[in-house]
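Participant: FYI, in mature numbering (1 follows the signal peptide of the UniProt record, and there is no 0) the residues of the sequence shown are -30 to -1, 1 to 424. One structure, as structure tokens, below. Some questions next.
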Amino acid sequence: MKYWSKPQKTTRLALSSAFLLLNLLSTALAQGIQETSREAPVLEQATLQEVVAYAIKNQPAIQQSLIDEQITANQVRAKLADWYPQIGFNYNLQHNFIVQTSIIAGNPVKLGVNNVSATQFTLSQQIFNRDVLLAKRTRGDVLFAASQNTVNNKTDLAVSVSKAFYDVLATTQQIRVAEEDILRLERSLKDAQNQYKSGITDKIDYKRATISLNNTRANKKSNEEVLKAKVEYLKTLMGYPLNKALQISYDTLQMEREIALDTLQNVDLNGRIEYQILATQKKLAEANLQYNKWSYLPNLSLNGAYNLNFQNNHFSDLYNKNYPNSFGLLTLSLPIYQGGKRKANTKQAEWQLKRLDWDLKGLQNNVNSEYASALANYKGNLTNLLAQKENVELAREVYDVIQLQYKSGIKTYLEVVTSETDLRLARINYYNALYLVLASKIDVQKALGQINIQ
């Protein structure tokens, strides 16, 4: 039988431990990389509601706001912890290489021993402290302010994402209109070619058809490139994976039914998140004013300690005997004169409070102006939408009639091209007007304070 020597066993044990540690580190690193590289889910045929919900969940700015809420909550806990008794422990060990000597009655006397050790348990309790009192009284408002900031960011994000969504739809519709126009122009081009070959018309109609077709194809290609940029912008707002395709779904008829809005509503300032934030800030400013007034009051605290003292010339016998002592202390501190600092701080807090009153007044004026502007845009865009809808019907009717007359030899091809252009522009203008109405409706709802994403 073969036996391993002690050095060999030690070497094998060290190598085994190293391999095991390396394996654990590799596994942890792989899991960390997998967790970091995990991407957000992909949407299939996303509606506006799904796009907004996705953005609220995955947009980095919103996640940062939620993290800020947690940071604020822990800051409040840290401040409130000062209300609780503070218990401490101290330990020290001292060796005197040369013990201090003093002359007493003309004789040199050593004061102390070679080895000294002490253990101390301390207890302190704040009875009145304005910093701690402020933290306790403003706890709810501070946490509420953090959550309001998140709501404000979510609201702004929802508005931006909705407008970007409508912008993508408008460009998408322009491309679809161009695709339909290309099919129609290709048929017209074929008809013009056949008529030219039959000797009915000259090359003019054939060339005009080619020019219209080339222009439409170029316009379609341009819009496709613009659409790519708009989709990337929407994906950025959503926090969507940049290397994944985003397919959006929409129902034009449903959108037409959603354009209605009560234009007789009055602005309720309490519904605006900006007003709610200022109201909370005012509460905190009032608490800050009271805090500065408390600076004229004393601080009161209670302290106590229990000490275990050990002294001996021989280190081995140091902890054989204990000389304990303890004490309790009530401390009252009051600054008597600080050069007018407390009065200046109080005045500063008063002016900050007055400034917030003017902030509220300014917000009210801005909201009224914002609502009036948004409502005017909505009404103007709605009027334009109704006109464009009628224009589409008229342009389609004109095109159908002229197309039949051209095939019968009554109208020229120039009139066909003109009617095709009118129909294309009417359809594009209609879809653009539709999405402008929906976007301006969002602005009206925001001005009214009806878009608050909790």
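Ideal Cβ positions, reconstructed from N, Cα and C, are used throughout, including at glycine. Please read these numbers as outputs of a predicted model, since none were measured by experiment.
Given this structure, state the Cα-to-Cα distance separating R47 from S117, to the nearest angstrom.
Facilitator: 16 Å
Participant: Checking 9 Å against the spacing of the C-beta atoms, do V102 and L50 come in under that value?
Facilitator: Taking 9 Å as the Cβ cut-off, V102 and L50 qualify as a contacting pair.
Participant: Which residues does DSSP pair with G277 in a beta bridge?
Facilitator: Looking at the sequence itself, residue 277 is Asn, so the reference to Gly does not match. Its beta-bridge partners are Q90 and N295.
Participant: Quick check on Q318: buried or exposed, where buried means 16 or more other Cβ atoms within 10 Å of its Cβ?
Facilitator: Per the 10 Å Cβ criterion, exposed.
Participant: In chain order, which alpha helix (DSSP H) runs of at least 4 residues are fully inside the segment 106 to 189?
Facilitator: 109 to 167
Participant: Do V129 and I398 have their C-beta atoms within less than 9 Å of each other?
Facilitator: no
Participant: Check the DSSP bridge columns for P78 and list the partner residues they point to.
Facilitator: I73
Participant: Please classify G209 as buried or exposed, where buried requires at least 16 neighbouring CB atoms within 10 angstroms.
Facilitator: Here G209 is buried. Its C-beta has 16 or more other C-beta atoms within 10 Å.
Participant: Anyone know if the C-beta pair for I145 and E194 falls short of 9 Å?
Facilitator: Taking C-beta atoms as the reference points, I145 and E194 count as a pair closer than 9 Å.
Participant: Which of the three DSSP states is assigned to Q308 in this structure?
Facilitator: coil
Participant: Distance check for A230 and L254, CA to CA, integer angstroms please.
Facilitator: Straight-line Cα distance between these residues: approximately 40 Å.
Participant: Between which two residues does the alpha helix (DSSP H) containing residue 480 stretch?
Facilitator: Past the edges of the chain, shown from -30 to 424, lies residue 480, and the structure says nothing about it.
Participant: Cβ of E39 within 9 Å of Cβ of S182?
Facilitator: For the pair E39 and S182, the CB atoms are not nearer than the 9 Å cut-off.
Participant: Enumerate in chain order the residues of its own chain whose CB-to-CB distance from S132 is below 7 Å, with the five nearest sequence positions on each side excluded.
Facilitator: In chain order, L18, V22 and I412 place their CB closer than 7 Å to the CB of S132, counting only its own chain and leaving out the 5 sequence neighbours on each side.
Participant: State the start and end residues of the unbroken beta strand (DSSP E) segment that holds I57.
Facilitator: Judged by DSSP secondary structure, I57 falls within the beta strand (DSSP E) whose first and last residues are Q56 to H65.
Participant: How long is the line joining the alpha carbons of A199 and Q15, rounded to whole angstroms?
Facilitator: 19 Å
Participant: When you compare the segment 108 to 122 with the segment 248 to 267, are there three or more beta-carbon pairs, one atom per stretch, that lie closer than 8 Å?
Facilitator: yes
Participant: Given this structure, state the Cα-to-Cα distance separating I68 from V86, to the nearest angstrom.
Facilitator: 13 Å
Participant: Using only alpha-carbon positions, find the residue among L395, S265, L93 and N338 that is nearest to G419.
Facilitator: N338
Participant: Would you say L288 reaches chain C, if we count a Cβ-Cβ gap shorter than 9 Å as a contact?
Facilitator: Included in the structure is just one protein chain, with no chain C present.
Participant: State yes or no: is the C-beta of L259 within less than 9 Å of the C-beta of L299?
Facilitator: no
Participant: Is the number of C-beta pairs between the segment 296 to 316 and the segment 263 to 272 that are closer than 8 Å three or more?
Facilitator: yes
Participant: What residue from N402, V12, Q424 and V414 has the CA that sits closest to E226's CA?
Facilitator: N402
Participant: Alpha carbons only, please: which of I41, Y289, L153 and F135 is nearest the one belonging to Q217?
Facilitator: F135
Participant: Between which two residues does the alpha helix (DSSP H) harbouring I243 extend?
Facilitator: I243 to K263
Participant: Can you give me the Cβ contacts of I372 inside the same chain, cut-off strictly under 6 Å, excluding the 5 residues immediately before and after it?
Facilitator: Same-chain partners within the cutoff: K381, E385, V386 and S389.
Participant: Would you tell me roughly how many angstroms separate the C-alpha atoms of N269 and S303, rounded to the nearest one?
Facilitator: 5 Å
Participant: Checking 9 Å against the spacing of the C-beta atoms, do T186 and I152 come in under that value?
Facilitator: yes
Participant: Which of the three DSSP states is assigned to I68 in this structure?
Facilitator: coil
Participant: Can you tell me the Cα-Cα spacing of Y245 and V237, whole angstroms?
Facilitator: 12 Å
Participant: With a cut-off of 8 Å on the beta carbons, I'd call S410 and A344 a contact; round off their distance for me.
Facilitator: 6 Å
Participant: Could you check whether N347 and I247 sit closer than 9 Å to each other, using their CB atoms as the reference points?
Facilitator: Against a cut-off of 9 Å, the Cβ pair of N347 and I247 comes out as no contact.
Participant: Check whether the Cβ atoms of I37 and N123 sit closer than 9 Å, and answer yes or no.
Facilitator: At least 9 Å separates the beta-carbon of I37 from that of N123.
Participant: Excluding the 5 residues flanking I3 on each side, which residues of the same chain have their C-beta closer than 6 Å to its C-beta?
Facilitator: Any reading at I3 must be qualified, since the residue scores a pLDDT of 45, below 50, and its modelled position is unreliable; no value is offered.
Participant: From which residue to which residue does the alpha helix (DSSP H) around L18 run?
Facilitator: L18 to N28
Participant: For A179, which residues of its own chain have a beta-carbon under 6 Å away from its beta-carbon, when the five flanking residues on both sides are left out?
Facilitator: S158, L159 and A162
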